[in-house]
Each structure stands twice: as C-alpha cells, then as structure tokens.
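K.L.:
Encoded as structure tokens, here's the structure I'll be asking about.
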Amino acid sequence: MQQHEPDPLSAAQLAAMRRSLTSGRGALTRRSLLRASGIGALTVGGLYGLSGCGIPPAKREGGNAAPSDDHSEQEKELNFSNWTEYMDVSDDEKTHPTLEEFKKRTGITVDYTEDINDNVEFFGKIRPQFAAGQDTGRDLIVVTDWLAARIIRLGWAQKLDPSHLPHAYANLIPQFRNPDWDPGRAYSYPWTGIDTVIAYNTKATDGKKVDSVTQMLDDPSLKGRVGFLTEMRDTVGMTLLDMGKDPATFTTADYDAAVGRLQKGVDKKQIRRFTGNDYTSDLDKGDLAACLAWAGDVIQLQAGNPDIQYAIPAAGYLTSSDNLLVPAKARHKTNAEKLIDFYYEPAIAAQLAAFISYVCPVDGVQEELAKIDPKLAENPLIVPDKAMARKAHAFRSLTSEEETSYEEKFAKLIGS
Amino acid sequence: MSATAAPPQAAAPAEPPAHKPSARKRLVPYWLLLPGILWLLVFFVLPMAYQASTSVQTGSLEEGFQVTWHFRTYWDALTEYYPQFLRSLLYAGTATALCLLLGYPLAYLIAFRAGRWRNLLLILVIAPFFTSFLIRTLAWKTILADGGPVVAALNTVGFLDVTSWLGLTEGDRVLATPLAVVCGLTYNFLPFMILPLYTSLERIDTRLHEAAQDLYARPATVFRKVTFPLSMPGVVAGTLLTFIPASGDYVNAELLGSADTRMIGNVIQSQYLRILDYPTAAALSFILMAVVLVMVTIYIRRAGTEDLV
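Residue numbers (the numbering used here), protein chains in the order written: chain A, 249 to 664; chain B, 666 to 974.
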C-alpha cells in the first residue's frame, strides 16, 4: 500500500537527479559537483560532469505501453485527473453527484483531482515521469486531441479493453469515432467535444454581426478589438477554413499562407491579442469586440451577459475533443474503463452535459437532457444537429517534425 | 581545493567522539553552514548544472537529447530573439526608473515624516502581497479596460494622444500596449523598491540634517549632499531587486500586452512548453542571466557602492 502513490513531485526530482548522478562516466561524484559549484561554474571539471547528462528518448519501444499490473480487483479506487469545472457539482458544492452514483453502483472510490489547467503545462509536468517509465499516480487523465495524439504516439497510453466498454462503443457519436490519431478509438474516448466558433459582443460591435475570419481580419470597425487563441490549431484551423482549405488535409504551404494572413492582421494592428482562457473577461467587458471562442464558454458567458452572441462561419468551424486516456503504469486500468463506460450511459451523460455545457459526445443524450432542461437539449452547441455536424472539421494530426516547425512559426506570430 | 570543499571534509572527523572541546568549537560554523549549502546544492547548483547541460544538447522529444556541445544554440537563440531581449531590458529598465521615482518620495515620507502612521503605511506597502501576483495583474485589466473611467480620463486630458505619438499606446486604449506592460511591471515590483529604500533612509541620523542646516545648506542641498548619498545602498538594492525579476517576468507581458510586447520570459516559456526545444530554452535562460549579471556588475561599479551593498 505504501508504494502505490508516489508523491508526483519527488518522483520527478528523483528521476532527474538519478539521471544526472548515475549516468556513465560523467556521473556527478561529490568531487565534480563541488568543483562545478566553485567560482566559474563552467570550469573544465564542471563541463566534464555535464556531458553525462541528457534527456532520454521519450518514445517507448513497440508503440503502445505494455499493460500495467492491474490492481483494480484488490483496490476499489481510481485516481482521476481532470480540468477545472469539468464535472457536475452538488448544490452544496461538496460532492460530485455522478461520481457518487458511480461509487454506489461499482463500489469504486474516485479520487477526483482538478489538476489540469493547460495542456502544455500538464505535459511539462508529467513528461519526466513518463520518460523515466514511472507511474504518474493517475489512472485516468483528460487531455485535448493533439496532446492525446502525442501521448499515444510516444507510447505512454494503454490500449483500452473494448469488452469493458459496451456503452461507450455503442453510444459514441459518429463525428468522434475515427480521428486520424486514434482510429476506432483504441486508446481514448472523448470526455467532451469542443467547438471553436466566433463570438462577439453586440454592444462593442454596435449590433453588427461578426461571422467570418475574413471579417475579423479586415473589418476596420473592429480594428484593435479582435482576439485569436494561443491554441495553434484553433487559430490556424479557423483561418484555413476561411481560406477554403480543409484543416484535415492541408499542406505546409497552406499553413504558411494562413499564418501569413494572420501576421498581416498583427502588423496592421487589427488583432489585439492572442489569448488563452482569459479572453472570456475581455469579451464580457467589450475590450474584445469579436474573437475565436470555445462554445462551452460562450454558453456560460451568455447566461450572464445577453450581449454575447456567437456565429458559425459559413466556411465551417473547428471541432476537437478532450479525451480520456489511461496512462502507462496506471494501477487501476479496469476501474478506469468502468468509469469511461459509465459516462457513456445517456442518463449519466445528460446529467454531466447539463452542468458543464460542452458538446456531449454521447448518442441518445438528447431525450435524457430534455428531461432535465428542454432548452439545453435544443442547443446545437451541446447536442449538435445535422446542419452543425456537417460544418464540423477536425485538425489533422501532425508528425513530430511538423509539430515542432508549426509551433515555432506560430510562436513567432504571437510574438514569442 | 577551493573553500567550498572544506565543510564536508572537515565534517568527516567530527563523527568519532570529539577529543578536544576546541575542535568541536572549530566545527560549529561548518555545521551551521551545512543546511544552507545542502539547500543551494539541491535547488541551485544541480538545476543550474542540469540546465547548462541541456543548453548544449541536441535531439528531439522522440529520440531524446544528447550532449553534443552544440554551442551554436546560443548564437542562434541570440540572433533570433535579440528584439525580445532588448525589449525586456528596456521595459525592465523603464519600470525600475518609474519605481525609483514613485518609491523614493514615499519611502522618504515614511522614514522621516510619517510619525505614528509609519507602521500603517509600511503595512499598506506590503499589503498587495497578500493576494496572488496573477490576481493583482488581472485586476489591472479591469482598471485599464477600454471603456473604463481611467482610460476615459486619460483620453479627455489628451495623455493618450501623446503616448500614442510616442508609440507607447495604440489609439485610444491602454491595454495590450507597451504602456500597460510597463505599468504592470512598475506596480508589481514597487514594494521591492520601497522597502530597501525605507530601511536605508530610516537609518540616517537626523542630526546630520540639522548639522547641514547649521552649515547654511538649503533643503535641496541637504538632500543632494547628505540624504541621497547616504541612501545609496537602498537605491542600489532597490533597483537590483526590481530590475532583475522584472527583466525575466512574463506574466505582465502575457496578460497586459499584445504580440508586439512579448518579453524574453514569454519566449523561454513558449520554447520550453510549446515548441519543446529544451536546449534553446536553456540557452536563452543562460544568456539572460549573463546579460543581467554583466549589467549589474557594471552598475555596481559605477554606483561605487561595492562596500555599501
């Protein structure tokens, strides 16, 4: 019992220390350490010590992670890491009703942690443990498409057992069934879908509708009050769509053209900022008149501010998902699969969707949702209708080299 | 062997029962040093060595990174990102100057004129630290909002026309401009300027002021010849405590700035977390450290206060 929950931080430090202390001839002995700490840190001795360091290959052999020792039978528990405000909460804000229900039904206690705030930061946090082949202490994580793709590509995710996932298999909506990075959903299941749309504040646009990226980039009345997202795929994907390119099949030349178009918007000061989640307050106040936005945020903003509107561009919109993954070395894989399946029962999915107002990836949720709140069941941003589904596009997965070079170009665009 | 090597070696004979009390006494300073040295070793020397090593590695996430003594990374990083370096130094320098201009009179007031309000004023200076850095910076987004009273007032008096002309602001707004970033930096680091200024001003013997007046010095002369020179340690400590963290800051540029105002901290963050180019990120960090170190050394030499700091 004692070994099973390593303190995540100390494990990362241990891994880093072990690497630098024990690797090869450059092992940092006490003497070489002391020498390096002397005046002039980069003396010959110090450099000699440094040559032993290095970052081991992230990729595991064989593509997918070997199944971990599954302790699900003996230990009725599950460590679930999720994003903030991504779970239903009871009226007294003390419990999560669906998780309580899950415990009642299966006897599994879920240790629910909201410790994911940002994909890139989360990756930075778990990378050392994954690379060192250690248990991250998590049985289930939720990450966005591109990071899920990377984690699967690096062999850090475990293949799921379809026999434990009857509801998930049957109820996943077609839109999410075959992403190019995980065909047939062998490793992952969506927790929610995320639609990227254009949002605008009618007070700031004087009632004008903003419904295309072209308008965002060229309409002089919006100058200095347009926002794009720091998520590369959302910003470039929407621009590609606007240029008539499909984000699922674009080429590097298309990518460069889209970035060039956005760069013009930066240069002529049309674009005010590239934002993360903090665009919501700017849009609410009207500092941003129009911006790319995530549909779930728009629904929540609309509840407090009737001036917030959204538009689905005629060229289409970008859709992605946040996905449940079982990391390598997880101790409770079967329990994790039970939980995934549980949230694919329409009644449970409806309970969650009513609370977090993101796209629900579960077929048959509409009837259940109508029982809770008929208005939500009619909202295409939660339950996409046929017209919406037709306009949805996904950003294709990138190779490791493409990812590096695209992110670099995008970083230049947003100023860093 | 350098001096740093002494403690562990000297510590070894302390293990067996001490022969003479004098020997034990001799070791006391080393025992007292031990926690600090261990701390520095684990949280300063090791990370620095690790980063130094990373900066000369090449590779990719998939294949891992190996030390290949690729020093070109430094040159590439410098030529690629020198605008952000210059911008960081410029913003941090401006913010430091503004902190000094705002902080000195306040510290002077608290030290000499505040009377029984002194403690209250000091607490007010420190009070912002009770909330998080992030929240304090976000608050400025509300204060400086485009439609807010502050921006409206600045527009009415024509202030923003001047700053616009100088290239510090953009049209009739403050947010997402260099001015907003510099203001944010100034606000966030002001207490680091005021506190050292206060401690060195407070130590000045007021009888020196009386003596200067007795020698027919006008108040301005008293300040120039007596007060200011004696407060130099505070000025130097304050400017360093403000300039060094401000030049590496990325929160203000991220939240209050735009694509044109990104500082070197933003570049390091994006290299490390987004592009996953750890060597470039490490090299940029070392270049920043080196630049700041050189500037600080020159500054301390010029200020002529090596013995005062």
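Heads up, the beta-carbon is just placed ideally off N, CA and C, and yes, glycines get one too.
#1: What are the residues in the region 713-735 of chain B lying within 9 Å of chain A by C-beta distance?
#2: Mind checking G832 (chain B): buried by the 16 CB within 10 Å criterion, or exposed?
#3: To the nearest angstrom, report how far apart E867 (chain B) and G780 (chain B) are at their CA atoms.
#4: Does DSSP put L755 (chain B) in a helix, a strand or coil?
#5: Closer than 6 Å by C-beta to W439 (chain A): which residues in its own chain qualify, once you throw out the five before and the five after it? Chain order, please.
#6: Please give the ranges of any alpha helix (DSSP H) in the region 889-961 of chain B, keeping only runs that are unbroken, at least 4 residues long and fully inside the region.
#7: CB H735 (chain B) to CB T723 (chain B), shorter than 7 Å?
#8: Considering G539 (chain A), what are the terminal residues of the beta strand (DSSP E) in which it resides?
#9: Residues of chain A with CB closer than 8 Å to the CB of R927 (chain B), please, in chain order.
#10: How far does the beta strand (DSSP E) with N330 (chain A) in it reach, from first residue to last?
#11: Is DSSP giving Q548 (chain A) helix, strand or coil here?
#12: Of all the CB atoms in chain B, is at least one closer than 7 Å to the CB of T567 (chain A)?
#13: In chain order, what residues of the same chain lie with their CB nearer than 6 Å to the CB of K324 (chain A), ignoring the 5 residues before and after it?
#14: If you run the structure through DSSP and keep just helix, strand and coil, what is S648 (chain A)?
#15: So, for F908 (chain B): in the same chain, excluding its five sequence neighbours on each side, which residues have a beta-carbon less than 6 Å away from its beta-carbon?
#16: Evaluate A601 (chain A) with the Cβ neighbour count: other Cβ atoms within 10 Å of its Cβ, from every protein chain shown; 16 or more gives buried, anything less gives exposed.
#17: Quick one: what's got a C-beta closer than 7 Å to V613 (chain A)'s C-beta in the same chain, skipping five residues either side?
#18: Select from A:I556, A:I400, A:W331 the residue whose C-alpha is nearest the C-alpha of P431 (chain A).
#19: Determine the chain A residues that contact Y943 (chain B) at a beta-carbon separation under 8 Å, and present them in chain order.
#20: Taking CB distances under 7 Å as the criterion, tell me whether A810 (chain B) reaches chain A.
#21: Is it true that the region 939-956 of chain B meets the region 533-550 of chain A, where meeting means three or more beta-carbon pairs spaced less than 8 Å apart?
#22: Would you verify that the beta carbon of E219 (chain A) is, or is not, closer than 7 Å to some beta carbon of chain B?
#23: If you draw a straight line from the alpha carbon of V959 (chain B) to that of I965 (chain B), how long is it in whole angstroms?
#24: Between the C-alpha atoms of Y435 (chain A) and K660 (chain A), what's the straight-line distance to the nearest angstrom?
#25: What is the DSSP secondary structure of P414 (chain A), counted as helix, strand or coil?
#26: If you reduce the DSSP assignment to three classes, tell me which class I791 (chain B) lands in.
#27: Please classify F522 (chain A): does DSSP put it in a helix, a strand, or coil?
#28: If we ignore side chains and look at the alpha-carbon of each, how far apart do R939 (chain B) and E369 (chain A) end up?
#29: My output table needs one value for F736 (chain B): the three-state DSSP class, helix, strand or coil.
#30: Are there three or more Cβ pairs, one per stretch, closer than 8 Å when the region 847-866 of chain B is compared with the region 903-917 of chain B?
#31: Counting only the same chain and skipping the five closest in sequence on each side, list residues whose C-beta sits under 8 Å from that of G492 (chain A).
#32: Answer with yes or no whether the minimum CB distance from A955 (chain B) to chain A is below 7 Å.
#33: Should F378 (chain A) go down as buried or exposed, given a rule of 16 or more other Cβ atoms within 10 Å for buried?
#34: List the residues of chain A whose Cβ lies closer than 8 Å to the Cβ of N931 (chain B), in chain order.
#35: Report yes if the C-beta of L751 (chain B) is less than 6 Å from at least one heavy atom of the ligand NAP; otherwise report no.
#36: With distances taken Cα to Cα, identify the nearest neighbour of M335 (chain A) among A:A618, A:Y591, A:M636.
P.N.:
Taking the coordinates as given:
#1: Cβ contacts with chain A come from M713, A714, Y715, A717, S718, T719, V721, Q722, G724, S725, L726, E727, E728, G729, F730, Q731, V732, W734.
#2: exposed
#3: 12 Å
#4: helix
#5: V390, D570, L572
#6: 897-913, 916-921, 929-938
#7: A contact, by the Cβ cut-off of 7 Å.
#8: It is worth fixing the name first, because residue 539 (chain A) is Cys in this sequence and not Gly. Here the beta strand (DSSP E) through C539 (chain A) covers 538-542.
#9: I662, G663, S664
#10: 325-331
#11: helix
#12: With 7 Å as the cut-off, T567 (chain A) does not count as an interface residue toward chain B.
#13: G355, I356
#14: Secondary structure of S648 (chain A) (DSSP, three-state): helix.
#15: A757, T761
#16: buried
#17: P594, A597, A598, A601, V631
#18: Looking only at A:I556, A:I400, A:W331, the smallest Cα-Cα distance to P431 (chain A) is reached by A:I400.
#19: I303
#20: yes
#21: No, the region 939-956 of chain B is not in contact with the region 533-550 of chain A.
#22: As displayed, chain A neither begins before 249 nor continues past 664, which places residue 219 (chain A) out of reach and without an answer.
#23: Each residue's alpha carbon lies about 10 Å from the other.
#24: Distance from the CA of Y435 (chain A) to the CA of K660 (chain A), rounded to the nearest whole angstrom, comes to 33 Å.
#25: helix
#26: Helix.
#27: In this structure, F522 (chain A) counts as strand in the three-state DSSP scheme.
#28: 9 Å
#29: coil
#30: yes
#31: A563
#32: no
#33: buried
#34: G663, S664
#35: By its list of ligands, the structure shown contains no ligand whatsoever, and the ligand NAP lies outside what it can speak to.
#36: With distances taken between Cα atoms, M335 (chain A) lies closest to A:Y591.
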